[in-house]
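Engineer:
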Amino acid sequence: MLGAAISPADGGVHVDAKLSIDDMPASQVLDFRRCICIIGATYFFVMTTFVVPIACFTTCVLILMPLMFINMKLFNKLENALCKLVNDHWVTTAYYCGLEIREYGTNVANYVNDKCLYLANHLGLIDHFIVMTALHTCGNVSGSWMWVIYNIWKFTPLGAMWILHGNFFVNGGLNQRIKLLKTFKEHLKKYFARHNYSWVVMYPEGSRFYLIRESAAAFAKKMGLKPLQHCAYPRTGAAHAVMEVLAPSKENPSVARIGEGEPIKYIIDATLGYPKGTVMDLASAIMGDFPNNDPSIAIHHEVIPVDPAWADEERLQEFLYERYQKKNELLDEFYRTGHFPGARRGVVNVNGWTMLKAQLFWAGAYYLHYIIWMRPIWQMLIASIF
1 MLGAAISPAD GGVHVDAKLS IDDMPASQVL DFRRCICIIG ATYFFVMTTF VVPIACFTTC
61 VLILMPLMFI NMKLFNKLEN ALCKLVNDHW VTTAYYCGLE IREYGTNVAN YVNDKCLYLA
121 NHLGLIDHFI VMTALHTCGN VSGSWMWVIY NIWKFTPLGA MWILHGNFFV NGGLNQRIKL
181 LKTFKEHLKK YFARHNYSWV VMYPEGSRFY LIRESAAAFA KKMGLKPLQH CAYPRTGAAH
241 AVMEVLAPSK ENPSVARIGE GEPIKYIIDA TLGYPKGTVM DLASAIMGDF PNNDPSIAIH
301 HEVIPVDPAW ADEERLQEFL YERYQKKNEL LDEFYRTGHF PGARRGVVNV NGWTMLKAQL
361 FWAGAYYLHY IIWMRPIWQM LIASIF
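Encoded structure:
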């Protein structure tokens with residue numbers, strides 16, 4: 001047992017009660033810590049991929065959705081609160097892993113009351129946790145944002161939860177591009193104003209950079225563009241769909257182009273940087289195994305007012321290509337020096353009560369659903385079979 005050791009002594013056995021974990025052999029300490037990491041990783045994996053999505057989905061369907069036919073404003077308020085609790089759980093997972101998010105550039109908390117298009121470079125699966133942690137203190141943004149997500153997650157409990165919130169799934173196939181973008185525009189027209197979404201979040205490169213590095217280089221060469229070493233030129237279709245539908249109207253800049261609701265006023269250019277360019281995989285991160293034992297990840301924000309002319313895809317493409325050339329320069333400096341240009345604004349702080357509240361809420365919600373309808377249905381199925 002920890003805290004005690006048995007050793008020979010005159011006339012019998014002497015128990016040394018002063019032994020601590022620091023006195024244990026290194027191999028035993030590592031094994032003990034590895035066991036703790038495995039237990040924690042299992043908990044957060046099950047909660048993130050199963051418990052939270054199912055509890056959120058069923059709560060929304062059984063309790064909140066009837067409100068849509070009675071009071072849409074109340075439904076949006078409660079649904080946003082529920083989604084913010086989902087985000088708080090993801091932030092808790094990032095905190096457990098030991099991630100330290102360092103902020104540079106513009107303070108995006110000043111734009112929480114504006115409609116924004118948030119564009120981030122995509123390096124690894126851990127990016128989702130970084131963005132969610134970086135923005136979790138930005139008012140109600142994490143409860144009312146709309147994500148554009150690759151459809152590998154669509155047919156999972158996570159996907160069901162995200163669909164219910166109104167996130168949009170893309171498949172990345174060029175052969176379905178026109179149909180997909182048309183569907184996305186209709187999605188924005190139908191839901192963005194009605195559900196009062198705040199920010200649209202997407203990774204416009206289309207995939208994680210290491211997966212598309214070669215094809216991105218070939219594209220730049222083919223198009224006669226300046227080669228990029230640390231990011232890829234973005235696919236502009238989804239971002240243009242947002243601008244075409246939600247950019248400020250030329251006739252009335254306070255209204256979106258579709259003729260109703262607030263317009264997208266700003267583009268937020270987010271640049272994620274991993275120490276020395278080494279991107280850890282999700283499994284290593286949740287076990288606390290960081291390259292060079294450095295858990296810090298930097299994020300740089302720059303906010304640009306929307307130009308209504310970006311409703312034209314060629315104009316938007318020109319702007320975004322210039323932004324990603326600048327993003328490449330930012331990443332080049334970060335990988336060389338360990339920091340982005342300008343003063344660091346600080347490290348994102350995570351409130352302990354926020355984390356505890358999220359875990360208690362989702363565990364309690366899942367348990368209530370289990371005893372009210374999951375267990376009776378399961379027992380009925382078992383009885384009918386046997």
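Under UniProt numbering, think of the first position of the sequence shown as 1, with each following residue one higher. Positions of the beta carbon are idealized from the N, C-alpha and C atoms, including for glycine. Computed from a predicted model, the values in this text were never measured in an experiment.
Helix, strand or coil for residue 388 per DSSP?
Structural biologist: Absent from the model: residue 388. The displayed extent of the chain is 1 to 386, so no value can be given.
Engineer: Can you check DSSP and say which residues form a bridge with W199?
Structural biologist: C116
Engineer: Let's test the definition: count the other Cβ atoms within 10 Å of the Cβ of I382 and tell me whether it reaches 16, buried, or not, exposed.
Structural biologist: exposed
Engineer: Suppose you measure from the CA of H195 to the CA of L180; what does that come to, to the nearest Å?
Structural biologist: 21 angstroms
Engineer: A270 and A109 - do their beta-carbons sit closer together than 8 angstroms?
Structural biologist: no
Engineer: What are the uninterrupted segments assigned as alpha helix (DSSP H) that are 4 or more residues long and contained completely in the UniProt domain "Phospholipid/glycerol acyltransferase" (116-240), given in chain order?
Structural biologist: Here the runs fully enclosed are 127-135, 141-144, 157-165, 177-191, 209-223.
Engineer: Taking the Cβ atom as the reference point for each residue, do K265 and S198 lie within a distance shorter than 8 angstroms?
Structural biologist: Taking a C-beta distance under 8 angstroms as the contact criterion, K265 and S198 do not qualify as a contact pair.
Engineer: Within its chain, find whatever has a CB closer than 8 angstroms to the CB of V51; leave out the 5 residues flanking it on each side and keep chain order.
Structural biologist: If we look at V51 and ignore the five residues flanking it on each side, its Cβ neighbours are W362, A363, Y366.
Engineer: Buried or exposed: where does R375 fall if 16 or more other Cβ atoms within 10 Å of its Cβ makes it buried?
Structural biologist: So R375 ends up on the exposed side.
Engineer: What residues match up with Y266 in a beta bridge as DSSP calls it?
Structural biologist: C116, P305
Engineer: Determine the extent of the beta strand (DSSP E) in which E260 is found, giving its start and end residues.
Structural biologist: That residue, E260, is in no beta strand (DSSP E); it is neither H nor E in DSSP.
Engineer: Relative to the C-alpha of K185, which candidate in L125, M243, F45 has its C-alpha closest?
Structural biologist: M243
Engineer: Have a look at K221, E100, P66, G40 and flag the residue whose alpha-carbon is nearest the alpha-carbon of I297.
Structural biologist: Relative to the Cα of I297, the nearest Cα in the group K221, E100, P66, G40 belongs to E100.
Engineer: Are the CB atoms of L164 and F44 nearer to each other than 8 angstroms?
Structural biologist: no
Engineer: Between which two residues does the beta strand (DSSP E) harbouring I101 extend?
Structural biologist: 100-105
Engineer: Helix, strand or coil: which one does DSSP assign to I377?
Structural biologist: helix
Engineer: I'd like to confirm the pairing. Which residues does DSSP put opposite V347 in its beta bridges?
Structural biologist: R102
Engineer: How would you call G224, buried or exposed, if buried means at least 16 neighbouring beta carbons within 10 angstroms?
Structural biologist: exposed
Engineer: Taking 8 angstroms as the threshold (C-beta atoms), are M287 and C37 in contact?
Structural biologist: yes
Engineer: Answer with buried or exposed for D281, where buried requires no fewer than 16 other C-beta atoms within 10 angstroms of its C-beta.
Structural biologist: exposed
Engineer: How far does the alpha helix (DSSP H) with E289 in it reach, from first residue to last?
Structural biologist: Here residue 289 turns out to be Asp, not Glu, going by the sequence shown. D289 -> no alpha helix (DSSP H), and no H or E assigned at all.
Engineer: Does the separation of the CB atoms of G338 and P291 fall below 8 angstroms?
Structural biologist: no
Engineer: DSSP state of I385, grouped into three classes?
Structural biologist: helix
Engineer: So, helix, strand or coil for S70, using DSSP?
Structural biologist: It is worth fixing the name first, because residue 70 is Ile in this sequence and not Ser. Coil, per DSSP.
Engineer: What separation, rounded to the nearest whole angstrom, lies between the Cα atoms of L123 and R208?
Structural biologist: 5 angstroms
Engineer: Go ahead and label M47 buried or exposed: buried means 16 or more other beta carbons lie within 10 angstroms of its beta carbon, across all protein chains shown.
Structural biologist: buried
Engineer: How should P305 be labelled, buried or exposed, when 16 other C-beta atoms within 10 angstroms of its C-beta is the threshold for buried?
Structural biologist: exposed
Engineer: Beta carbon of M132, beta carbon of W162: below 8 angstroms?
Structural biologist: no
Engineer: Check the DSSP bridge columns for E272 and list the partner residues they point to.
Structural biologist: Residue identity check: residue 272 is Leu in the sequence provided, not Glu. For L272, which the question treats as bridged, DSSP gives the partners I299.
Engineer: Going by Cα to Cα distance, which pick from Q359, L158, W378, V348 is closest to R102?
Structural biologist: V348
Engineer: Just checking my contact of Q176 with T236 at CB under 8 angstroms: how many whole Å lie between their CB atoms?
Structural biologist: Not really, about 17 angstroms apart at Cβ, beyond 8 angstroms.
Engineer: Can you name the residues that DSSP bridges to C53?
Structural biologist: Residue identity check: residue 53 is Pro in the sequence provided, not Cys. DSSP, once it has assigned bridges, lists no residue as partnering P53.
Engineer: I believe A285 touches T92 by the beta-carbon criterion, under 8 angstroms. Please report the beta-carbon distance rounded to the nearest angstrom.
Structural biologist: A285 to T92, Cβ: 14 angstroms. No contact.
Engineer: With a threshold of 6 angstroms on Cβ separation, who are the neighbours of I54 within its own chain once the five nearest residues in sequence on each side are excluded?
Structural biologist: Around I54: P157.
Engineer: If the criterion is Cβ atoms closer than 8 angstroms, does the pair K189 and V148 meet it?
Structural biologist: no
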